[in-house]
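Below is one structure, written out as structure tokens; the observations come after it.
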Amino acid sequence: MSITIIVNPYANRWKCGQQIDTIDKWMKTSSLEYRILTTNQKGHAKQLAFDAAKSGKRTIIAAGGDGTLNEVVNGLLKHNLEHQFTDCTIGIIPLGTANDLATQLHIPSNIKDAIGIISSGFTRNIDLGKVNGHYFINNSAIGLETEVTLANERMTKVQGPLRYLLAAILTILKRPSWQTNLVWNNSEYSGSLTLVSVGNSNRTGGMFYMTPNAIVDDGKLDFIYAPELTRREMFRLLPQTLNGSHISNSAIHEHRTSHLQINCDPPTTIQADGEIFSAATTDITYSIIRQALQILVPKL
């Protein structure tokens, strides 16, 4: 088995790059043929994954955070665009600020142990979310969460999950809202709202359980929305998102669907796996692709 390892050295505030020699050391102890590639700019992991798949490589490892994994997946799906699934096996060495999918799949952050899982070859098929032609593994959102993501990207002096929390507080103080129309299954909502959060898995940002009941292989997307909230309501809900108890609040509406259509005004950017990937838009379409990814995981 020939493995391509794509390392994002900038992940976790450049700490991931310091682990390349460690990755190489433990890979040498395995019986696997491998090569290590490093990214040099945002979006590069997507191109490297695309090129690897195009050249016939069938096992691709993402070494970084959820953003790196997202790029790798989108690169592989670009290669298999007509099928909306990839015939490649994906591994994870979780070295990012937030490693939400790895946590849910019980993949350890210890490099030696993560490589041991890769060497074992045991896999699990999971679903994949899609929004406006872009694929996501964990979570996507419009509204408040995209504003939090933008605030997070502007913060340079704070590291780790605390950065997401501070970004959330600063965004709440601005109290953004949008006029929206949501359509899913046989239901509809029209009115002013603060956020829409869509989850294929249960955690985002390393600490927020926005869709705590989401399951990565049930063929459905979980989503929540909240009509326009006051600052006081948002600050009350914020700590509840750390354990998922916010969904018991009457202000939060939780649903499960395979398709969600959103129209909003003013236009909003879209966040997918912690990264803004689009210009502001008024029309957003979500869907789910069942069993699209084959992930190397521990055998529990």
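Following our numbering, the numbering of the sequence shown begins with 4 at its first residue and continues without gaps. Built from N, CA and C at the ideal position, the CB exists for glycine as well.
Beta-bridge partners assigned by DSSP to residue 264: 186 and 288. According to the DSSP secondary-structure assignment, residue 230 is paired through a beta bridge with 196.
Straight through space, the alpha carbons of residue 229 and residue 258 are spaced by roughly 12 Å. Sequence-distant partners of residue 46 (beyond 5 residues in either direction) whose C-beta falls short of 8 Å from its own C-beta, in its chain, are 74.
Within the same chain, and ignoring the five residues on either side of residue 270 in sequence, the residues whose Cβ sits closer than 7 Å to its Cβ are 283, 284 and 285. Cβ atoms of residue 303 and residue 109 come within 8 Å of each other, at about 6 Å. Taking a contact to require three or more Cβ pairs closer than 8 Å, the stretch 62–69 and the stretch 159–173 do not qualify as touching.
The beta carbon of residue 261 lies closer than 8 Å to those of 222, 223, 224, 290 and 291 in the same chain, with the five residues before and after it left out. Across the structure, residue 278 and residue 8 are spaced so that their CA atoms are roughly 21 Å apart. Here DSSP, grouped into helix, strand and coil, assigns residue 294 to strand. Here residue 107 is buried, its C-beta having at least 16 other C-beta atoms within 10 Å. When the Cα atoms are used, residue 91 and residue 49 turn out to be separated by approximately 14 Å.
Between residue 296 and residue 128 the beta-carbon gap is near 7 Å, inside 8 Å, which marks them as a contact. Looking at the backbone, the Cα of residue 117 and that of residue 184 are separated by about 43 Å.
The alpha carbon of residue 12 has as its nearest neighbour, out of 5, 4 and 26, the alpha carbon of 26. Taking residue 241 as reference, the option from 61, 115, 5 and 171 with the minimal CA-CA separation is 171.
Per the DSSP secondary-structure output, residue 208 pairs with nothing in a beta bridge. As summarised for the stretch 55–121, the continuous alpha helix (DSSP H) elements at least 4 residues long and confined to that stretch are 69–82 and 103–107, given in chain order. In the same chain as residue 169, and ignoring 5 residues on each side of it, the C-beta atoms closer than 7 Å to its own belong to 158 and 161, in chain order.
Selection 126, 96, 233 and 205 evaluated against residue 248 yields 205 as nearest (Cα-Cα).
DSSP, reduced to helix, strand and coil, places residue 53 within a helical segment of the structure shown.
Here residue 17 is exposed: its Cβ has fewer than 16 other Cβ atoms, across all protein chains shown, within 10 Å. Two segments are said to touch when three or more pairs of C-beta atoms, one from each, lie closer than 8 Å; by this definition the stretch 212–222 does not touch the stretch 172–192. With 16 or more other CB atoms across the displayed protein chains lying within 10 angstroms of its CB, residue 132 is buried.
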